Amino acid sequence: MAGKWYMVGIASNDEVFLNHKATLDMTMVTMTPTSEGDLGLSYSSLNVYGDCWKSESTFGKTDTPGHFTFISQVKNDNDMRIPDIVYDDYALFHITRTKEDGSLEFFSNLY
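Be aware that the sequence shown starts at 5, since it is given in our numbering, and climbs by one per residue.
Put into structure tokens, the structure is as follows:
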């Protein structure tokens, strides 16, 4: 799983994604598993204004294989599951984001 992957498909109910999906470029993510079993993700792409956008986070492992969690800087709880992966071909991620107001956003990403 370590290395560069390209997001080739995404489905989401996130308002920002829905409002700008027609103008989004392909996102590259560098996945870096840690020695503790966590998963570092470094994203980069062009934003809606044509500027480079980068984001980094480390998702903590749980007791369930393929299940990771992360609390963002704006206090969103992120629950990430990797239900299917073929290491030299594709990876499917499902992320559920619980916002501070309790609302849920869902992301299904195909790499």
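We put the CB at the ideal spot given by N, CA and C, even for glycine. Values in this document were obtained by computation on a predicted structure and should not be read as measured data.
Based on Cα-Cα distance, which residue from Lys25, Phe74, Asp55 lies nearest to Gly64? Phe74
Quick one: grab the DSSP three-state call for Asn51. coil
With which residues is Gly13 paired in a DSSP beta bridge? Leu114
Which residue spans inside the stretch 58 to 102 form an unbroken beta strand (DSSP E) run of at least 3? 71 to 75, 81 to 90, 94 to 102
For Met30 versus Ser46, is the C-beta distance shorter than 8 Å? no
Report the rounded CA-to-CA distance for Thr27 versus Ile99, giving the unit in angstroms. 22 Å
Of the residues Trp9, Thr68, Asn17, the one placed nearest Thr36, counting alpha carbons only: Trp9
List the whole-angstrom C-beta distance separating Thr34 from Gly7, where the pair is believed to meet the contact cut-off of C-beta under 8 Å. 7 Å
Just to confirm my understanding: we take Cys56, look at its own chain, exclude 5 residues before and 5 after, and list those with CB closer than 7 Å. What are they? Ser48, Leu50
Could you tell me which residues DSSP pairs with Glu109 in its beta bridges? Arg101
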